[in-house]
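*Asks:* Please find one structure pasted underneath; my questions will follow.
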């Protein structure tokens, strides 16, 4: 039998000892690594659970990997609930989180982060508005391997925003009501003044003219007759101006017959009084309007006529009214000097000084009032080529 030398066994012993030490060191390293990994997991879990944000981690098959405590408390669900009932995910998680990408997706549409507001339906039936931010975890090759969603409960914020919007809408309704009341009061006052001018001054002047006519027939002197005729002529001029003033303040035809007859009368009067040719056309269709809208359109055309004569120095004006679906349309064109730039683009302070075409500040106010009644006001113009105004206002619903 071969007898091995003692040195051999000594070497073998050292080798075994070295291997044991290496294995022991490796085991110790594994234990330390395991402890560190466990500590890191506990730390991460503690951070997630301590976070006020809702945190959800899904794999690429939309299986719930992690819900933090905040999400579980708000939703009432745990990861295993979603794993057992996949349809639950549609109620508690946003669509963009559940949507593709599939594993390995590199599409730019899924670059992180992405954001969405989602209505989360909890286990107890209550609905929460959650503002989600979605990000994607990728491996070293750039492939998406997990989907991470962090969300904030913004239910109270959304309710507050809704209340603010409702309050703003209510305020707008109040403003509209107050404005309509103010305009109604103004029109009533105009009608009252016009009636007083007609009843007190107009009738008195007409009666005075009759008396002067009687005196003229009884007068024996030619000089007295001439003076009486001159006086009667002055009274007739005053009476004519009074009637014109009454029409400008509160046109009777507007309230008795409607906007179209009132505009037709306005065109005739303006042509007679200002020696400007005014052509009026109407399509003959029925165009019912609220009283406040009819009054607004009449005042608008009235002001545009004055502007065309006074500022644009127009010699011819065309007015056309028609119905365009559910809107009453008024078109006014003139052959005046036009505008050198769009008056609606100018700052309000620059409109204080009259410019070629004039009427800027009045036009701005007119446009605002038309738009207040859900209408449209447009202007086409160029220097030396006249202007075209187009006003549309909604017809009254029947």
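In the working numbering, the protein residues as written are 269 to 666. No residue lacks a Cβ here, since even glycine has one placed at the ideal position from N, Cα and C.
I think residue 561 touches residue 442, with their Cβ atoms under 8 angstroms apart; what is that distance to the nearest whole Å?
*Replies:* With a Cβ gap of about 19 angstroms, residue 561 and residue 442 do not count as contacting.
*Asks:* Report the rounded CA-to-CA distance for residue 578 versus residue 500, giving the unit in angstroms.
*Replies:* Rounded to the nearest angstrom, the two C-alpha atoms are 31 angstroms apart.
*Asks:* Mind checking whether residue 470 and residue 537 have CB atoms under 8 angstroms apart?
*Replies:* No, these two residues do not count as a Cβ contact at 8 angstroms.
*Asks:* Looking at the strands, I want to know which residues DSSP matches up with residue 414.
*Replies:* Its beta-bridge partners are 327 and 405.
*Asks:* Out of 280, 531 and 606, which one is the CA nearest neighbour of residue 516?
*Replies:* The residue with the shortest Cα to Cα distance from residue 516 is 531.
*Asks:* Using the three-state DSSP reduction, which class does residue 546 fall into: helix, strand or coil?
*Replies:* Residue 546: strand per DSSP, three-state reduction.
*Asks:* For residue 450, count the other beta carbons within 10 Å of its own beta carbon; 16 or more makes it buried, fewer makes it exposed. Which is it?
*Replies:* Result: exposed.
*Asks:* Less than 8 angstroms separating the beta-carbons of residue 255 and residue 630?
*Replies:* Residue 255 lies beyond the range of the chain shown here (269 to 666); nothing can be said about it.
*Asks:* What residue from 416, 364 and 564 has the CA that sits closest to residue 454's CA?
*Replies:* Measuring from the Cα of residue 454, the nearest candidate turns out to be 564.
*Asks:* Ordered along the chain, which non-local residues of its own chain (more than five positions away) have a Cβ less than 7 angstroms from that of residue 652?
*Replies:* Same-chain partners within the cutoff: 605 and 606.
*Asks:* Our contact map puts residue 387 next to residue 397 with C-beta atoms below 8 angstroms; I'd like the distance itself, whole angstroms only.
*Replies:* Confirmed, Cβ separation roughly 6 angstroms.
*Asks:* By a C-beta neighbour count over all protein chains shown, 10 Å radius and 16 as the cutoff for buried, is residue 410 buried or exposed?
*Replies:* Classification of residue 410: exposed, given that the 10 Å Cβ count is below 16.
*Asks:* Tell me the rounded alpha-carbon separation between residue 478 and residue 463.
*Replies:* Looking at the two C-alpha atoms, the distance is approximately 21 angstroms.
*Asks:* So who's on the other strand from residue 590, going by DSSP bridges?
*Replies:* For residue 590, which the question treats as bridged, DSSP gives the partners 597.
*Asks:* Roughly how many angstroms lie between the CA atoms of residue 350 and residue 660, to the nearest whole one?
*Replies:* Rounded to whole angstroms, residue 350 to residue 660 spans 57 angstroms at the Cα level.
*Asks:* Please go through the region 525 to 584 and give each complete beta strand (DSSP E) segment of 3 or more residues, from N-terminal end onward.
*Replies:* You should have 545 to 550.
*Asks:* Alpha carbon to alpha carbon, how far is residue 365 from residue 430?
*Replies:* Cα to Cα, the separation comes out at about 26 angstroms.
*Asks:* How far does the alpha helix (DSSP H) with residue 436 in it reach, from first residue to last?
*Replies:* Per DSSP, residue 436 belongs to the alpha helix (DSSP H) from 423 to 464.
*Asks:* On a CA-only basis, which of 541, 403, 278 and 336 is nearest residue 509? Give me that one, please.
*Replies:* The shortest C-alpha separation from residue 509 is found at 541.
*Asks:* Expressed to the nearest angstrom, what Euclidean distance is found between the alpha-carbon atoms of residue 382 and residue 438?
*Replies:* Roughly 35 angstroms separates the two Cα atoms.
*Asks:* So residue 633 is in the beta strand (DSSP E); what residue range does that whole segment cover?
*Replies:* Note, residue 633: premise wrong, no beta strand (DSSP E); alpha helix (DSSP H) at 628 to 640.
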